[in-house]
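Chemist: Under my numbering, the first residue of the sequence shown carries the number 3, and numbering increases by one thereafter.
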Amino acid sequence: MSLYLATGASFNSLSFEFLIGASIRKIVKTTCISIWNILQPIYMAPKTTEDWIEVADTFYNRTNFPNVVGAVDGKHIRIVQPDKSGSKFLKYKKYFFLCSYGLDRCRL
Numbered sequence: 003m004s005l006y007l008a009t010g011a012s013f014n015s016l017s018f019e020f021l022i023g024a025s026i027r028k029i030v031k032t033t034c035i036s037i038w039n040i041l042q043p044i045y046m047a048p049k050t051t052e053d054w055i056e057v058a059d060t061f062y063n064r065t066n067f068p069n070v071v072g073a074v075d076g077k078h079i080r081i082v083q084p085d086k087s088g089s090k091f092l093k094y095k096k097y098f099f100l101c102s103y104g105l106d107r108c109r110l
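Listed below in C-alpha cells is the structure:
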C-alpha cells in the first residue's frame, strides 16, 4: 500500500511485485477508502480560512515557524532485502530500507 501511495506505481507493477494478481486494485481501493474514512475527520477537519489560520497560529506558538500549518518528516528504517528487489530498496549507505513518514499539524 505504501509503495502505491508513495510512488504512484501502477497496479500491474504492484501485482508483479507482490504476486497478488488483479485483486491488487480492490485491495488498494478498499484500503485507501478505509484510511480516508478514519483519518479525514481527524486530520482534514478545518473547513474555513479562519480554521486554518487558527492551526497556523497554534503551530507558530509551539514551533516559532510563521504561516505554517504542519510539518512532515521521514525516517529510514533498515530492512532485510526483499527477494528479487534488486536495488529498489537500497540506500546510498549500502543497506536496504523503507521510509516511514509522519505528519504533525499541531492541533492538540
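We put the beta carbon where it would ideally sit given N, CA and C, even for glycine.
Quick caveat: nothing in here was measured; it's all calculated off a predicted structure.
1. Taking the C-alpha atoms as reference points, what is the distance between Ala-73 and Ser-12?
2. Does the distance from the CB of Phe-91 to the CB of Ile-81 come in under 8 Å?
3. Taking 8 Å as the threshold (C-beta atoms), are Val-71 and Trp-54 in contact?
4. Can you give me the Cβ contacts of Gly-104 inside the same chain, cut-off strictly under 6 Å, excluding the 5 residues immediately before and after it?
5. Alpha carbon to alpha carbon, how far is Val-57 from Asn-66?
Modeler: Let's see:
1. The residue labelled residue 73 in the question sits at position 71 within the sequence shown. The residue labelled residue 12 in the question sits at position 10 within the sequence shown. Taking the CA atoms as reference points, Ala-73 sits about 28 Å from Ser-12.
2. Within the sequence shown, numbered from 1, the residue matching residue 91 stands at position 89. Within the sequence shown, numbered from 1, the residue matching residue 81 stands at position 79. Yes, Cβ-Cβ distance for Phe-91 and Ile-81 is below 8 Å.
3. Locating residue 54 in the sequence shown gives position 52, counting from the first residue. Locating residue 71 in the sequence shown gives position 69, counting from the first residue. Less than 8 Å separates the beta-carbon of Trp-54 from that of Val-71.
4. The count along the sequence shown starts at 1 and reaches residue 104 at position 102. Excluding residues up to 5 positions away in sequence, Asp-75 lie with their Cβ nearer than 6 Å to the Cβ of Gly-104 in the same chain.
5. Walking along the sequence shown from the start, residue 57 turns up at place 55. Walking along the sequence shown from the start, residue 66 turns up at place 64. Val-57 and Asn-66: Cα-Cα distance of roughly 13 Å.
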